[in-house]
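>
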Amino acid sequence: MANVAVIGAQWGDEGKGKVVDWLASRADIVVRFQGGHNAGHTLVVGSQTYKLSLLPSGLARGKLGIIGNGVVIDPEALLAEIERVRGQGLTVTPQTLRIADNAALILPLHAALDRARETARADRKIGTTGRGIGPAYEDKVARRAIRMCDLAEPETLSEKLDELLLHHNTLLQGLGAPVFEKQALLDRLLELAPLLLPYAEPVWERLDEARRAGRRILFEGAQAVMLDVDHGTYPFVTSSNTVAATAAAGTGMGPASVGFVLGIAKAYCTRVGSGPFPTELTDATGALLGDRGREFGTVTGRRRRCGWFDAALVRQAVKVGGIQGLALTKLDVLDGLKELRLGVGYRIGGETLRHLPAGMRAQAAAEPIYETMEGWSGSTHGARTWVELPAQALKYVRRIEELVEAPVTLLSTSPERDDTILMRDPFED
Ligand code: IMP
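If you read the sequence shown in the numbering used here, its first letter stands for residue 218, the second for the next number, and so on.
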């Protein structure tokens, strides 16, 4: 029996929430391994709609949730989210939620620096969520981050705050932003400590036991491969590795524990924030996809940019992300379009490429090479078997499989949980 890792194969917002929720109902443990409260999953369970940011989705299904060491945790955001979902009737206690004691924390100064830097970038903004994700990861690799375990050591907190403030206040001052006072930060962290420490433990130990006992572990990725800090459209990326390999390092498990890697891709493509998007549609078709797909960011509320499915990009995500099967979502949004396009490569200057190159200017200059396909007149909305799909829709899916070099193992045909065509159960792989 395999474990499963779920990652986004485009620029995020691929509809992971529904797929993760479906898989979570079949898992024993759901683990987050990277990112922070920049992520956003909307889960519809019965009459309740949960908007989760930091909490692992399995909590909505009564499963043990674990926040791994690869996640950056904003204590205020976490506690507020716990309160919010408790108000909706979910049980979140130290029995149902465990947090890696070696995970790095996000402090208010990280969000302040994130925003001050974005303001300073003027028209060259990354379009971050402004939640301090980048600065928190910077502090982690710079070896000055405050971690969950430090909350139990007031002296460590005090020493680390000195080092953090020396660094951050210098930068904030330079950017013309208000600086932070040590005592207020220290007092607040000491207040938060007893609220957070009951959740903290070396989660790798628990995960190791679970793995040896044959329990099913679902690794819940956030963001997506094209936002990966190494493999994405740098610098228009998030500050963590989003590829499936991170599921191991971000939880304290070995690479062999990760199991089947399911990539999620929309049947078209969207992006929030700035950065290259070769198949972007700025015309009426792009607007139509946005309206039909209700393309607004869960976290930011910003309208998402929309475009054609970029098979060259997803093929790249399949390779670098280690994706073994693809869950294709929102196929129904394409219903009724007369003609569809699939990006199969790029023209850059005089060169033709099958992948998006690493250079920033080359990425910005990439002109998509399209393959055109006839659309379908029937509906795919709510289909639960392959035979219900119009022949042309099936052809579209089959062509995607060929181009991205991965099988479509799951097809989602509406936001409803049961409107799903399953080709292969990833837990049985
Ligand atoms: P950050 O992660 O807040 O630093 O933002 C960096 C980039 O990643 C920006 O373009 C964000 O819009 C994007 N981003 C971060 N989290 C998500 C997500 O969950 N979905 C889609 N885009 C995201």
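For every residue, glycine included, the Cβ atom is placed at its ideal position computed from N, Cα and C. In this text the structure is predicted, and so the values were computed from the model without any measurement.
1) Would DSSP call I299 helix, strand or coil?
2) In angstroms, rounded to a whole number, what distance separates the CA positions of R432 and L281?
3) With contact counted as at least three CB pairs below 8 Å, one residue from each stretch, are the segment 556-563 and the segment 578-594 in contact?
4) So what's K268 in DSSP terms, helix, strand or just coil?
5) Is there contact here, the segment 257-277 with the segment 391-406, by at least three beta-carbon pairs under 8 Å?
6) Comparing alpha-carbon positions, which option in G253, L611 and E380 lies nearest P292?
7) Which ranges does the alpha helix (DSSP H) cover as unbroken runs of at least 4 residues, wholly within the segment 550-638, from first to last along the chain?
8) Using a Cβ distance threshold of 8 Å, determine whether the segment 434-442 contacts the segment 454-463, with at least three qualifying pairs required.
9) Measure the Cβ-Cβ separation of A501 and K547 and say whether it is below 8 Å.
10) Taking the alpha-carbon positions, what's the L627 to L545 distance?
11) Could you work out which residue in S629, D230 and P624 is closest to F477 when comparing CA atoms only?
12) Measuring alpha carbon to alpha carbon, tell me which residue in L324, N319 and L269 is nearest E300.
13) Within the same chain, show all residues whose beta-carbon is closer than 7 Å to that of L639, passing over the 5 residues directly before and after it, in chain order.
14) In angstroms with no decimal places, state the Cα-to-Cα distance between A369 and I481.
15) For the segment 413-421 against the segment 314-327, are there 3 or more C-beta pairs whose distance is under 8 Å?
16) Can you tell me where the alpha helix (DSSP H) holding I350 begins and where it ends?
17) Counting along the chain, where does the beta strand (DSSP E) carrying L281 start and finish?
In brief:
1) Taking the first residue of the sequence shown as 1, we reach residue 299 at position 82. Helix, per DSSP.
2) Within the sequence shown, the letter at position 215 stands for residue 432. Within the sequence shown, the letter at position 64 stands for residue 281. So the alpha carbons of these two residues sit roughly 11 Å apart.
3) yes
4) Taking the sequence shown and counting its residues from 1, the one referred to as residue 268 is at position 51. In the structure shown, K268 sits in a strand (DSSP, three-state: E or B).
5) These segments do not touch.
6) Stepping through the sequence shown from its first residue, residue 292 is reached at position 75. Cα-wise, what sits closest to P292 is G253.
7) 577-582 and 608-621
8) yes
9) As a position in the sequence shown, residue 501 is number 284, starting the count at 1. As a position in the sequence shown, residue 547 is number 330, starting the count at 1. No, they are not a contact pair.
10) One-based indexing of the sequence shown puts residue 627 at position 410. One-based indexing of the sequence shown puts residue 545 at position 328. When rounded, the distance between both Cα atoms is 6 Å.
11) On the sequence shown, residue 477 is found 260 positions in, with the first residue counted as 1. When each option's Cα is compared against that of F477, the closest is P624.
12) For this step, residue 300 is matched to residue 83 along the sequence shown. Comparing Cα positions, the closest option is L269.
13) Working through the sequence shown from its first residue, we reach residue 639 at position 422. Same-chain partners within the cutoff: L627.
14) Looking up residue 369 in the sequence shown gives position 152. Looking up residue 481 in the sequence shown gives position 264. Straight-line Cα distance between these residues: approximately 39 Å.
15) yes
16) The residue labelled residue 350 in the question sits at position 133 within the sequence shown. I350 -> alpha helix (DSSP H) spans I350 to V358.
17) Counted from its first residue, the sequence shown places residue 281 at position 64. Start and end: L281 to I284.
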